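Engineer: Right, I'll just put the structure down here and ask away after.
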Amino acid sequence: MTNTMEAAEFFGVIKTYHEHINDDFEQPQIVIPTLRSYQRRAVKWMIDREINNDLVKCDGSPFSGGILADEMGLGKTVEMMCCIMKNPAPPEFHNQNILVKDCIQKPLIQRPSKPSTSKYIAYTSDKDLKIKSTSNSRSSLENWYKNVLSEMSTVPKKAINSNFDEDTHIVTCYCKETPPKSILVYCAMCGKGQHAQCVHFEPKPFQEVPFLCSNCWILNDKLQCKATLIVVPPSILNQWIDEIEKHIAKPGLKVYVYNGVYSDGYIQPYSFRDYDIVLTSYNTLSRDLNYVADNLENPNCTRSLRHSKKYNYPQSPLPCIKWWRICLDEGQLIENTCNKVCGMTLNLTSVHKWAMTGTPIQKSLNDLYGILLFLQVSPYCIEKQFQQLMKGEKTIMYEYFSKLIWRSSIENVHSELNLPKLTKEQHWLTFSQIEKYFYFNQHDLCASMFSDIATRVFPSLDISVKNIDKKNIYNIIRPLYKLRQACVHPQAVNGQFLKIKGTMTMEKLMDVMIDQCRVHCNDTLRSLVSLHNALAGLYLIRAEPENAVEHYRTVLGLMDKYKDKQLKIDTVQKIHVMYNLATVIEENTFLTKKLSDSNLKSDMELLEKEYLGASQQNVESTRKTVQFYSDKVAKIIGNKTLGYSNWWSDMLDWIFSPNDFLSKVQMELEDYRVPGVPNIANRLKSVGDVYNVLSVWLTDLNLGRNRTISMLKTLEETPMNDLVQKALICHLRLKSKKANPKYWCLLCNAEMCLQSYESLLFSVSNKQKNMLIDKTEENDQETMYESTSKGLWKMSQKEFLLMKLYQYGQAKIINKSCLEDAAEHIKVLELVRKEFRYLRLLWTHLSDSLSTHDEIVMAKSRLKLGNNLTPETDGDGPSKKKAKKENENDVIMEQYVDFNVMSMKSDIPITMTVLERDIGKLLYLENLKKEKENSTEIDTCPICCLNGEAGWAVLLCGHSVCNQCLASMCNHSEAFDIACPMCRTNTPMDSVSYVKNNREGEVSNIKGSFSTKIESVTLKLMELTQQDPNVKVLIFSNWDKALNLLGEALTQNSINFKILKSGSTYKKTLKDFKANNKINALLMKLSVGSKGLNLTEATRIFFMEPIINKADELQAIGRIHRIGQTKPTFVHHFIIRNSIEENITNVFSDAMFDRWDDITLSQLIKVFEKNESNDIL
């Protein structure tokens, strides 16, 4: 039995237990809407469950409450409000004085045995105590009146004697700084003082309220409160306020929104007694759990941490109160008993407890346990007992839950609702050709990724998604999400096209795909050339120069062949071919020569000069920039060092309050610090410490700059051949790992100077420095600038300290000449930082130039026959075999020659086939672009000379024929290959791609270039607005990026819309959408707006993607198809044909899956299957 059927059977049986309940219920007069019959029956049952319930709680006390499980849109909110108004808390429950328990700890002061208000409230100002302890209410009132007058008076306050000793009291407030005009209040139990403003303690005349700190409130008896605490999802918090104002006519009804300790600070528990309803959100409950002690019997015991907390923090006031009623709206959110919300609800106590949810059963009947745990109804709030109930006799289970659950479905009460008709429509869309090309590329990658992860991680594919641990679930679901995102818009795919600013048009997508395909073709061509060059070298070792020359000439032929297709062979590969071909011809005079052979060396020298010239040009350009900044620095400092002048030491002597200055600087240095960089704030204990730090830093900085500039100058002046030879020994090809600096080449020494200089000038962490050494040893191509601090240009802490000293001088208006020197010094340091960037760039270009010369040397070499490997002795360990790949890349052992010849001869045709296929894709994309740009031209088939209205077939060579001619070619071909009628290139039949002629369908009135999905949604909305300018539509998507892309399309086509996002604008967005008839669409993520909202102003819902979880889809539909809707409603699904969306629609529309995570991995693999083969390359 599926979960849907199991839930339907469960609710059907539960309903039979309630058939005897009639609707003879008189609703409260203050409830404005007239209840329907099923609502009166529901409220009548709820009142009965609060008054005549025979169940008990886990602690043995009577249980009262239940689960209101009416289906979405049936008015559960109104039913709960009727219950609240019908059964309010009696006065004797909440009109009780607050009694304070005897002090557990020995009090710090002596108090009378029977005190009055002033026993609990001891007022003091910052210096003087304000109210003396007395024993009668008249004196208390007089003292309160004097205190108010003293706060308003401008006359200095006089000290008043008090029983409280200010020096012996401990102030444990939650504030960081003492508030202005603060009043201290002392706890009646522990005697600790806190600021009245910080704990929101506001004493009132004639009201004796003791002050307790938050810890003592927990120790004291729970405060009985008449309010009903309603917990709702944050998205519908404001809607509850609106519903209460709309449906309740009681003038004195007071509602309070509790935002938690984090947002509003500590609220006194007795403050909630003034309200009838307290609203809060699940997010607030979750955050308030951080302000609840683990052991409520000992609030001084905080959570078990490695180090105890060194600060005082308030406790949440919610657990200190015994509420009259607690209600959880969307109660299914506590289904997971391990989350923080469920943990917080277990700390709340009340007389009545209710859970409201339209979907209490989402996966299985076991979902009910989370709600039973909240209700604390015995004995099945214990998981073991609950499981026994679920597995036991069904009659017992049904009878038990009939006392807890009330359920009405739309189907059962449809005659009472008179809801308008709900119509569902599916819009089947087809990718454009370029989208299809992009999608199938993504499909191949994602399907392969999913299959690899599933088979590698899980021994069996019969495991369901919901049973996969969190560590692996992301890797499993990521390919599915990326492919779904590709159906919406290529730019919606996570990690794709990050460098493109703004919305990517389909023309831009075409260009990107062509560029990517050309890069891929170049890589394949490079691999093919490498195979030919290596094979030629092997033939020379075997003394077969004829075969070697043949392969060298093949490479030259490839250069000419693909020149028109803008495919390029690396310059180094060209130099290698030309040099070795010319050399082989000179060495073997019997070989046949061609006319072009005489120009090989001259052409090679021209290429070499051009290749070397490019790197040298970069060096010259950067050198000029470095000189520009060096000249500007020299112009300012002249013969001075980077210390410039003693302005900063003079200013240190002029500081009026050194302690204040140091504390402020230390605080700002803490905020400025970079992770991994030791903070100098701890070293600044005095002004002398500041002087020492700055003087040492300026001296080291000047020395580091001079050393770096000198080292780079030496590097430039050294002949390139010498640099290359030393670099070869150091790191370039041999990759020596000698740690002794005496083995370093000049380039590495310059790099270390730059690193040292950079650590003085910028904030570079020690971790980054260690990464530098490791990376330099492992890979000479990754320098410190590429792997660590590139882009991190924060000034050093010392310069930051110097800047703060300068700002202090400006604020205090110290000596003007000193400030002028300071300004010039700061300017010099800024120029030095800019100079360093180009010094670094100069080193990079010099390193590139050195590598370029080495590449030329390597290009003029060929494979050599080596001896057998001999052991190499390592000073740090036993002898080991010489690593051939590390020191002799151009050496091959004799025993491997023949094997490599055979291997490469077989690899060449395979690589050539791959190259031809990739070039076919490139030609296809270029033709597609040309067709798009010249859409008015009529293409003709090269065989029948017709325009191919039935569609086109694209061959691997890039040429195309109409589908009718292709069918004729296939009928006349006996083989499985088709010869191109233009170039005679053979194409396998299963490699033919098909293009539909969609010119007529491409014509639309939409402005802008967007994906098929975005354009279809926009066009449908434009059609609806033309029919009804005031139409309102809810548009759901799973991803913010998709909504933003759709919003761009709606903006360009003059459609007014709003995007609903959580945060400060949430309420205003909803209000604007409901009230403003000019706003036609409300865009929202499914997780933000699918639950609880009442949006009957809208009549249509657009789902941009197929919704996998059907419970979420039903919740979203319930936003418009509910009580209060007077117009017909429509639900539109936009689905791409021949994509994963079609598979999802087919798979999850089956009744075998109630939730998407019930699917197994083996079934999920089928979701990745292609529906249409070879529709595009």
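In this text, residue positions in the sequence shown follow our numbering: the first is 26, and each later residue adds one. For each residue, glycine too, the CB sits at the ideal point set by N, CA and C. None of the values given here were measured: they were computed from a predicted structure.
Between the Cα of K823 and those of Q1052, L748, I705, spot the shortest distance and give me the residue it belongs to.
Structural biologist: Out of Q1052, L748, I705, I705 has the C-alpha closest to the C-alpha of K823.
Engineer: Are Q1150 and L444 touching if we call contact CB-CB under 8 angstroms?
Structural biologist: For Q1150 and L444, yes; Cβs fall inside 8 angstroms.
Engineer: Quick one: grab the DSSP three-state call for G729.
Structural biologist: In this structure, G729 counts as helix in the three-state DSSP scheme.
Engineer: Could you pull out every residue in the same chain whose Cβ sits closer than 7 angstroms to the Cβ of P1013, ignoring the five residues on either side in sequence?
Structural biologist: Hits under 7 angstroms: F1001, D1002.
Engineer: Exposed or buried, what is E1194 when buried is set at 16 or more other beta-carbons lying within 10 Å of its beta-carbon?
Structural biologist: Per the 10 Å Cβ criterion, exposed.
Engineer: Does DSSP put Y810 in a helix, a strand or coil?
Structural biologist: Only weak support is given to the placement of Y810: the predicted model assigns it a pLDDT of 33, under 50, and the value that follows is read from those uncertain coordinates. Looking at Y810 - three-state DSSP - the assignment turns out to be helix.
Engineer: If I measure Cβ to Cβ from V56 and keep anything under 8 angstroms in the same chain, skipping five residues before and after, which residues do I get?
Structural biologist: V103, M106, C107, M110, H272, I273, A274, listed in sequence order.
Engineer: For I935, is the classification buried or exposed, using 16 other Cβ atoms within 10 angstroms of its Cβ as the cut-off for buried?
Structural biologist: So I935 ends up on the exposed side.
Engineer: For the segment 1114 to 1127 against the segment 411 to 426, are there 3 or more C-beta pairs whose distance is under 8 angstroms?
Structural biologist: Judged by Cβ distances under 8 angstroms, the segment 1114 to 1127 makes no contact with the segment 411 to 426, as fewer than three pairs qualify.
Engineer: Cutting at 7 angstroms between CB atoms, please list the residues of its own chain near K819, excluding the five before and the five after it.
Structural biologist: If we look at K819 and ignore the five residues flanking it on each side, its Cβ neighbours are V699, F787, S788.
Engineer: State the start and end residues of the unbroken beta strand (DSSP E) segment that holds H1158.
Structural biologist: Taken as a continuous stretch (DSSP letters only), the beta strand (DSSP E) holding H1158 covers 1154 to 1161.
Engineer: Excluding the 5 residues flanking S62 on each side, which residues of the same chain have their C-beta closer than 7 angstroms to its C-beta?
Structural biologist: For S62, where only same-chain residues beyond five positions count, the Cβ hits under 7 angstroms are D48, E441.
Engineer: Inspect the beta-carbon positions of E880 and V597 and report whether they are closer than 8 angstroms.
Structural biologist: Closer than 8 angstroms, so yes.
Engineer: Can you give me the Cβ contacts of G218 inside the same chain, cut-off strictly under 6 angstroms, excluding the 5 residues immediately before and after it?
Structural biologist: If we look at G218 and ignore the five residues flanking it on each side, its Cβ neighbours are H194, V196, L209, Y211.
Engineer: For L888, which residues of its own chain have a beta-carbon under 8 angstroms away from its beta-carbon, when the five flanking residues on both sides are left out?
Structural biologist: Only A559, G562, L563, L565, I566, D915, V916, I917 meet the Cβ criterion.
Engineer: Please classify N161: does DSSP put it in a helix, a strand, or coil?
Structural biologist: Residue placement at N161 cannot be trusted, given a pLDDT of 45 that sits under 50; what the coordinates show is reported in the next sentence. In this structure, N161 counts as coil in the three-state DSSP scheme.
Engineer: In chain order, what residues of the same chain lie with their CB nearer than 7 angstroms to the CB of N361, ignoring the 5 residues before and after it?
Structural biologist: These residues qualify, in order along the chain: C367, G395.
Engineer: Assign F236 to buried or exposed, taking buried as 16 or more other Cβ atoms, counted over all protein chains shown, within 10 Å of its Cβ.
Structural biologist: Answer is buried; the Cβ neighbour count reaches 16.
Engineer: For N1011, which beta-bridge partners are listed by DSSP?
Structural biologist: According to DSSP, which records beta bridges pairwise, N1011 is partnered with A1004.
Engineer: Have a look at V1028 and V644 and give me their C-alpha separation to the nearest angstrom.
Structural biologist: Bear in mind that a pLDDT of 47 at V1028, under 50, signals an unreliable position, so the model cannot answer this.
Engineer: Between the alpha carbons of K43 and L93, how many angstroms are there, rounded?
Structural biologist: Reading off the sequence, residue 43 comes out as His, not Lys. So the alpha carbons of these two residues sit roughly 13 angstroms apart.
Engineer: Could you pull out every residue in the same chain whose Cβ sits closer than 6 angstroms to the Cβ of C223, ignoring the five residues on either side in sequence?
Structural biologist: If we look at C223 and ignore the five residues flanking it on each side, its Cβ neighbours are C198, Y199, C200.
Engineer: Pick out whichever of D725, Q835, R942 has its Cα sitting closest to the Cα of W679.
Structural biologist: Residue Q835 is the option with its Cα nearest to W679.
Engineer: Take every Cβ of the segment 239 to 258, pair it with every Cβ of the segment 289 to 300, and state whether three or more of those distances are shorter than 8 angstroms.
Structural biologist: Yes: at least three Cβ pairs fall under 8 angstroms.
Engineer: Measuring only the C-alpha atoms, how far is P58 from N1119?
Structural biologist: For P58 and N1119, the distance between alpha carbons rounds to 16 angstroms.
Engineer: Rounded to a whole number of angstroms, what is the C-alpha to C-alpha distance between D873 and V882?
Structural biologist: Their backbone Cα atoms lie some 14 angstroms apart in a straight line.
Engineer: D675 to L866, Cα distance in whole Å?
Structural biologist: Each residue's Cα considered, the two are about 37 angstroms apart.
Engineer: Which one of L677, I1184, F615 has the shortest CA to CA distance from Y716?
Structural biologist: Comparing Cα-Cα distances from Y716 to each of L677, I1184, F615, the minimum goes to L677.
Engineer: Indicate the three-state DSSP secondary structure (helix, strand or coil) for K619 in the structure shown.
Structural biologist: Coil, per DSSP.
Engineer: When DSSP labels each residue in this structure, what does K152 get in the three-state scheme?
Structural biologist: Any reading at K152 needs caution, since the residue's pLDDT is 37, under 50, leaving its predicted position unreliable; the model's value is listed next. Coil, per DSSP.
Engineer: Spatial neighbours of W453 within its chain, please: CB distance less than 7 angstroms, with the 5 preceding and 5 following residues excluded, ordered by chain position.
Structural biologist: Once the five neighbours on either side are set aside, the close Cβ partners of W453 are I1160, R1162.
Engineer: Kindly give me the distance between the Cβ atoms of L314 and M369, rounded to whole angstroms, as I take these residues to be in contact under 8 angstroms.
Structural biologist: With 8 angstroms as the limit, L314 and M369 qualify as a contact, their Cβ atoms being about 4 angstroms apart.
Engineer: Which stretch, first to last residue, makes up the alpha helix (DSSP H) that contains I933?
Structural biologist: That run of the alpha helix (DSSP H) goes 922 to 958.
Engineer: Quick one: Cα of R862 to Cα of S784, how far?
Structural biologist: Roughly 13 angstroms separates the two Cα atoms.
Engineer: Mind checking who C352 pairs with in its DSSP beta bridge?
Structural biologist: In DSSP, C352 forms a bridge with I255, W379.
Engineer: By the three-class DSSP mapping on this structure, what secondary structure does R1125 have?
Structural biologist: It is a strand residue.
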